[in-house]
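> Sequential numbering from 19 applies to the sequence shown in our numbering.
For glycine and all other residues, C-beta sits at the position ideal for the given N, C-alpha and C.
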Amino acid sequence: MGRLSAVISRATTLPSSKQLRRTQAWVSGIANVVFLYWVWRHICLAAYRYIRAKGLTGVGYDGIAKVKRIVVSLLLRLPSSRAKLIAELAQTRRQLELKLVPLEESLPEGLHYQATLPLEGKSAEWLKQEMDRLQSMEKTDVKEGRVSGAVYHGGKEINEVILEATSRAILSNPLHPDIFPGIRKMEAEIVSMCLNLFNNPHGAGTTTSGGTESILMACKTYRDWARATKGITRPEMIIPASAHAAFWKASDYFGIKLHVVPVHPLSRKADVPRMSRAINPNTIMLVGSAPNFPDGAVDPISDLAKLAKQHKLGLHVDCCLGSFLMPFLKRVDRDLPDFDFSVDGVTSISCDTHKYGFCPKGSSVIMYRDASLRRFQYYIQPDWAGGVYASPSMAGSRPGSIIAGAWAVMTHLGQEGYAQSCDTIISAARRLKTALHQDPILSADLYVLGDPMVSVVAFGSNSVNIYAVGDAMGKKGWHLNALANPSALHLAVTVGVFSGIPTAKNIDNLLKDLKEVLVDVKNSPSAAGDMVALYGKSELV
Ligand SMILES: *Cc1c(COP(=O)(O)O)cnc(C)c1O
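(1) So, with DSSP's three-state summary, where would you put G78?
(2) In the DSSP assignment, find the beta strand (DSSP E) that holds T224 and state where it starts and stops.
(3) Please report the straight-line C-alpha distance between G273 and S381, rounded to a whole angstrom.
(4) At a threshold of 7 Å, does H334 count as lining ligand 1 (C-beta to nearest heavy atom)?
(5) Buried or exposed: which applies to L38, given that a residue is buried once 16 or more other Cβ atoms fall within 10 Å of its Cβ?
(6) Looking at A315 and R295, is the spacing between their C-beta atoms short of 8 Å?
(7) In angstroms, rounded to a whole number, what distance separates the CA positions of S360 and L215?
(8) Measure how close the beta-carbons of A446 and T521 come, nearest whole angstrom, since I'm counting them as under 8 Å.
(9) List the DSSP bridge partners of S368.
(10) Can you tell me which of G81, M255 and I420 puts its alpha carbon nearest to the alpha carbon of F376?
(11) To the nearest angstrom, how far is the alpha carbon of E106 from that of L114?
(12) Using DSSP with H/G/I as helix, E/B as strand and the rest coil, what is I250?
(13) Give me whichever residues DSSP pairs with P258 in a beta bridge.
(14) State buried or exposed for F516, treating a residue as buried only when at least 16 other CB atoms are found within 10 Å of its CB.
(15) What residue range does the beta strand (DSSP E) around A408 cover?
(16) Measuring alpha carbon to alpha carbon, tell me which of P253, S35 and A476 ends up nearest L498.
(17) Assuming T226 contacts S411 (C-beta within less than 8 Å), just tell me the rounded distance between them.
(18) Can you name the residues that DSSP bridges to L304?
(19) Select from L552, L467, V535 and D548 the residue whose C-alpha is nearest the C-alpha of S260.
(20) So, using beta-carbon positions, are S479 and Y553 closer together than 8 Å?
(21) Determine whether the beta carbon atoms of A308 and F357 lie at a separation below 8 Å.
(22) Helix or strand or just coil, what does DSSP make of L464?
(23) Using 8 Å for Cβ pairs, my map puts I444 next to V406. What's the rounded Cβ distance?
(24) Flag A259 as yes when its Cβ comes closer than 7 Å to any non-hydrogen atom of ligand 1, and as no otherwise.
(25) Hey, is the stretch 233 to 244 in contact with the stretch 195 to 213, meaning 3+ C-beta pairs nearer than 8 Å?
(26) When the Cα atoms are used, what is the spatial distance from W496 to D526?
(27) Let me know the secondary structure DSSP gives G167 once reduced to three states.
(28) In this structure, how does DSSP classify H60 when only helix, strand and coil are distinguished?
(29) Please return the same chain residues whose Cβ sits closer than 6 Å to the Cβ of I398, not counting the five positions on each side in sequence.
(30) Can you tell me the Cα-Cα spacing of P312 and D469, whole angstroms?
(31) Which one or two residues does DSSP pair with F477 in a beta bridge?
(32) Got a sec? Which residues, its chain only, sit under 6 Å from R164 by beta carbon, not counting five neighbours each side?
(33) From the DSSP output, in three-state form, read off H455 for me.
(34) DSSP three-state call for H130: helix, strand or coil?
(35) Say yes only if the C-beta of I233 is nearer than 7 Å to one or more non-hydrogen atoms of ligand 1, and no if none qualify.
(36) With burial defined as no fewer than 16 other Cβ atoms inside 10 Å of the residue's Cβ, what is the status of K102: buried or exposed?
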């Protein structure tokens, strides 16, 4: 009893002023340490990593770009320039909108906008006719091979294979593998066929709805892998500037800080030493493309793999576009650098079966070196009111018909079919590259970006507005892709053995039209079309 009261009295006694001062000193000491740690963590370390990643010139360029943006935004606050810009942007937007969403009165004969469900259902015959009218809105014949990259075959035979397979599986849903075991088998075989093509027969993978989803899944997998195995809670990834926009999307969706490293200005390939300088303890993954979308360069995957291994990072190879071209090209072209799982250090690869696999749209594969990595892609919720929920990728319910269509096309074409289409497409792309280099008229105004080895050939100009060239080619029925930084156009050669027109002849037509267009654009450089309108002002918005 006596001891307890002594304790209470000690606890309730006010501290002496000396004690108080000592406590205050302690508290302020701790506060200082916390503050210094915060400054170190959030300012010094961040600044050090930023300068190391960018180099002093990079920091300088960033600064200049920032000042430019501030000046432009200040100028735009001036009432006169602001009104002008708003008017110009509104006009561009109207122009593009009208093109994509025509007014009711400019719809083809018999077509109307319908905003509500029809009161009475329409007959199958009516639907057929309406589909014909809807198709008459398409002004471009995609089967002619004048569209870059959007359509990957035009063959009747393949279409029939796709229709037959998809129509049989039209109601299936791989979310329920127990109900649709045949779909599950086909899906597993698609993944396995791809793993074998990319030299990793014992690896793991899943199908997805397209290249974007494959890339999203890879980034999410590395994020969760790094959190579980290394405790990284502020993940960062490093990509070359030529990587696909899907990596920006993944960074946004999954909260992964993105380092975008400029590519070599001439070769257009990933700058590995610069990427190396951006690595820090929060880095989870590196990215290389084989080839990239903008200019078709193949990144030095072996060098990236060495770097990834050294720092124990994931290395994703984006072979979405390369898909079924790269493995078949590798069999005949010794100069093509290694890009697949045969390179130690490559931990995942995305391959779009719906590109050069010629499968129906909505089909891609994401592959991992082994199942222990794929585990981090899966989502499992055991406590849901609707029962245990598990799905391998972003979607819940998925179309089994696409899997059936993809499986049928791959099995129908086989290795021989793909080798043949690869040969046709690569020969055509190289014909285009050679002509742009060697033809005196073309090479006088156009230059090829880097040294494209696969199906994409990009070209820019130092003497004419390249977007005006793109617009003028559009008037002749060609759909070339516009690129930015640097301004350029590209053609992804796609329609191979399957179109009616031989691909080589198609390239000759392209070259002929390009020459005519160059003359026109030089004679009347001010002609403004969609590309000029959209890309000419892009730096302001
Ligand atoms: C097309 C492409 C993608 C994305 O594919 P989607 O199927 O359009 O989502 C990713 N990377 C590269 C290099 C591509 O060309």
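Working from what's here:
(1) helix
(2) From DSSP, the beta strand (DSSP E) with T224 extends over A222 to T226.
(3) 26 Å
(4) With a cutoff of 7 Å, H334 does not count as near ligand 1, since its C-beta is closer than that to no heavy atom of the ligand.
(5) With fewer than 16 Cβ atoms within 10 Å of its Cβ, L38 is classed as exposed.
(6) The Cβ atoms of R295 and A315 do not sit closer than 8 Å to each other.
(7) 11 Å
(8) Going by Cβ atoms, the distance from A446 to T521 rounds to 4 Å, so yes, they are a contact pair.
(9) Answer is D336 and I384, bridged to S368.
(10) I420
(11) 12 Å
(12) DSSP places I250 in coil when its eight states are reduced to three.
(13) V279
(14) At F516, the pLDDT of 48 sits below 50, so the modelled position is not reliable; the number obtained from the coordinates is stated separately. Its Cβ being crowded by 16 or more others within 10 Å, F516 is buried.
(15) Element bounds for A408: Y407 to S409.
(16) A476
(17) 5 Å
(18) According to DSSP, L304 shares a beta bridge with I256 and L333.
(19) L467 is the residue among L552, L467, V535 and D548 whose C-alpha sits nearest the C-alpha of S260.
(20) no
(21) yes
(22) strand
(23) Under the criterion of beta carbons closer than 8 Å, I444 and V406 do not qualify as touching, at roughly 48 Å.
(24) no
(25) Judged by pairs of C-beta atoms under 8 Å, the stretch 233 to 244 does not touch the stretch 195 to 213, as fewer than three such pairs exist.
(26) 13 Å
(27) coil
(28) helix
(29) Cβ neighbours of I398 within its own chain (closer than 6 Å, five residues either side excluded): A408.
(30) 12 Å
(31) V466 and L507
(32) G495 and W496
(33) H455 carries a helical assignment under DSSP once its states are collapsed to helix, strand and coil.
(34) Look at H130 here: in three-state DSSP terms it is coil, with no helix or strand label.
(35) yes
(36) exposed
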